[in-house]
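Engineer: First, the structure itself, so that you have it in front of you.
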Amino acid sequence: MSQFQKKVELVRSEVIARDVVRLTLNAPEIAAAAMPGQFVMIQTAPGKDPLLRRPFSIHQTSSEGYLQILFKVVGRGTQLLAQCRVGEKLSLLGPLGKGFVLCERGNACLVGGGMGIAPMLFLASRFQQQARYGAAPKVILGARNREELVPLISDFQNLGLEVLAATDDGSFGHHGLVTDVLKKMNIGPDFTVYSCGPRPMMAAIHHLCLKENIHCQVSVETVMACGMGACLGCAVPLKAGGYAHACSDGPVFEAGELLWSL
Ligand SMILES: Cc1cc2nc3c(=O)[nH]c(=O)nc-3n(C[C@H](O)[C@H](O)[C@H](O)COP(=O)(O)OP(=O)(O)OC[C@H]3O[C@@H](n4cnc5c(N)ncnc54)[C@H](O)[C@@H]3O)c2cc1C
Ligand code: FES
Numbered sequence: 002m003s004q005f006q007k008k009v010e011l012v013r014s015e016v017i018a019r020d021v022v023r024l025t026l027n028a029p030e031i032a033a034a035a036m037p038g039q040f041v042m043i044q045t046a047p048g049k050d051p052l053l054r055r056p057f058s059i060h061q062t063s064s065e066g067y068l069q070i071l072f073k074v075v076g077r078g079t080q081l082l083a084q085c086r087v088g089e090k091l092s093l094l095g096p097l098g099k100g101f102v103l104c105e106r107g108n109a110c111l112v113g114g115g116m117g118i119a120p121m122l123f124l125a126s127r128f129q130q131q132a133r134y135g136a137a138p139k140v141i142l143g144a145r146n147r148e149e150l151v152p153l154i155s156d157f158q159n160l161g162l163e164v165l166a167a168t169d170d171g172s173f174g175h176h177g178l179v180t181d182v183l184k185k186m187n188i189g190p191d192f193t194v195y196s197c198g199p200r201p202m203m204a205a206i207h208h209l210c211l212k213e214n215i216h217c218q219v220s221v222e223t224v225m226a227c228g229m230g231a232c233l234g235c236a237v238p239l240k241a242g243g244y245a246h247a248c249s250d251g252p253v254f255e256a257g258e259l260l261w262s263l
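The sequence shown begins at 2 in the numbering used here and counts up one residue at a time.
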């Protein structure tokens, strides 16, 4: 699998909602090699503060060589990225990790919560681009409120997909959790669920899928230092005992492989 370390130009910066930013980078090699569910490590400032690169899911790629990330400002690294100006260069390492395995048989349901929506757009567009994946995937997206969700929904609709929405405050779509929406859909074992979001959300999705005998893949987030399997900083506990590296064995795992009780 090809990986690159490149200085790439920021060509667009959009404020999607309060503290939610999307960057478009001209990164042709990384964009061409990327698969949905993979991530990039980004140096957020030219000097040594912050020292460590930060991991971000690949949100979307284009045939023109652009790559997008979508992120929430939560600390110093993301604050610096949000302040980057068009024309600035950023050091990117990627694509990294193991992404989603797209099942060619059966139906797909994509469930993204909060910034877990980021990798779902790339996944949705890959399903739509390639006819061998059959019927259009079902998409369920959740966020805290209308402001955070609505600007992201239109990207999925532009792919020709219908989106079911849920918000914590009920300001758009279902008032409650994405798992309520998933339950109501009454999907069965002919489906694969692909999910990314907060851990409690993914745990609930895993348990629902287990009960209904539905195949489920999840993309997990951990703190990461190297992103390449070298520092042991991203350990996730496995059901069979022991640990996996989220950066090199994941970040996408079969939900049943992971230990959810911790
Ligand atoms: C594979 C992967 C993909 C990711 N994709 C995205 C994405 O697409 N969009 C996005 O907004 N974020 C994503 N993240 C999380 C993102 O990497 C962190 O939010 C970012 O590193 C925070 O950097 P910071 O310097 O701004 O904050 P820091 O100063 O490093 O931390 C600020 C706060 O956020 C917490 N934090 C830091 N990293 C994480 C994490 N991974 N999970 C939970 N809490 C964390 C810290 O404990 C602290 O409380 C991803 C993480 C991983 C591992
Ligand atoms: S982040 Fe270093 S081993 Fe995974």
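Cβ coordinates follow ideal geometry from the N, Cα and C atoms, glycine included.
Model, not experiment: these values are computed from the prediction.
1. Less than 8 Å between the beta carbons of F123 and I70, yes or no?
2. Leaving out five residues before and five after S249 in sequence, what residues of the same chain have Cβ atoms less than 7 Å from its Cβ?
3. If distances are taken between C-alpha atoms only, which option among F157, K49 and V194 comes closest to E213?
4. Determine, using beta carbons only, whether S56 and F40 come nearer to each other than 8 Å.
5. Who are the Cβ neighbours of G78 in its own chain at under 7 Å, not counting the five residues just before and after it?
6. Below 8 Å, can you find three or more Cβ-Cβ pairs linking the region 127-141 to the region 73-93?
7. According to DSSP, simplified to helix, strand and coil, what is V151?
8. Between E206 and the rest of its own chain, which residues show a CB-CB distance below 7 Å, the 5 nearest in sequence each way excluded?
9. So, A125 versus F157, is the Cβ gap smaller than 8 Å?
10. Return the first residue and the last residue of the beta strand (DSSP E) that K73 is part of.
11. With 8 Å as the threshold, decide whether the Cβ of V194 is near any Cβ in chain C.
12. Which residues are close to ligand 2, meaning CB closer than 7 Å to any heavy atom, in chain order?
13. Just how far apart, CA to CA, sit T223 and E163?
14. Out of P138, S220 and A35, point me to the one whose CA is closest to M2's CA.
15. From P201 to A137, what does the alpha carbon distance come to, in whole angstroms?
16. Taking only three categories from DSSP, how would you classify T79?
17. Just confirm the distance between the C-beta atoms of A226 and G234, as a whole number of angstroms; I'd bet it's less than 8 Å.
18. Check whether the Cβ of Q4 lies closer than 7 Å to any heavy atom of ligand 1, and answer yes or no.
19. State yes or no: is the C-beta of E15 nearer than 7 Å to some heavy atom of ligand 1?
20. Inspect the beta-carbon positions of G114 and G143 and report whether they are closer than 8 Å.
21. In the DSSP output, what is A18 paired with across the bridge?
22. Using alpha carbons as the reference points, say which of E148, M116 and A109 lies closest to V75.
Structural biologist: Answer, in terms of the structure:
1. No, these two residues do not count as a Cβ contact at 8 Å.
2. Answer for S249: G98, M229 and G230, listed in chain order.
3. Closest by alpha carbon: V194.
4. Here the sequence assigns Pro to residue 56, which means Ser is not the residue at that position. Cβ distance < 8 Å, so P56 and F40 count as in contact.
5. Result list for G78: T45, P51 and R55, in chain order.
6. Contact check between the region 127-141 and the region 73-93: fewer than three CB pairs, one atom from each, fall below 8 Å, which does not count as touching.
7. Under the three-state reduction of DSSP output, V151 falls in the helix class.
8. Residue 206 is actually Ile in this sequence, not Glu. Excluding residues up to 5 positions away in sequence, V112, T180, L183, V194, S196 and C217 lie with their Cβ nearer than 7 Å to the Cβ of I206 in the same chain.
9. Contact flag set, yes.
10. Counting along the chain, the beta strand (DSSP E) containing K73 begins and ends at Y67 to K73.
11. Within the model displayed, chain C is absent; a lone protein chain is all it includes.
12. A residue is listed when its beta-carbon falls short of 7 Å from at least one non-hydrogen atom of ligand 2; in chain order these are M225, A226, C227, G228, M229, G230, A231, C232, L233, G234, C235, H246, A247, C248 and S249.
13. Linking T223 to E163 through their CA atoms gives a straight-line distance of about 31 Å.
14. When each option's Cα is compared against that of M2, the closest is A35.
15. Rounded to the nearest angstrom, the gap between the Cα atoms of P201 and A137 is 27 Å.
16. T79 falls in the helix class under three-state DSSP.
17. In this structure A226 is in contact with G234, their Cβ atoms being roughly 4 Å apart against a cut-off of 8 Å.
18. Within 7 Å of the C-beta of Q4 there is not a single heavy atom belonging to ligand 1.
19. For ligand 1, not one heavy atom lies less than 7 Å from the Cβ of E15.
20. A contact, by the Cβ cut-off of 8 Å.
21. The partner list for A18 (beta bridge, DSSP) reads V21.
22. Nearest C-alpha to V75 among E148, M116 and A109: M116.
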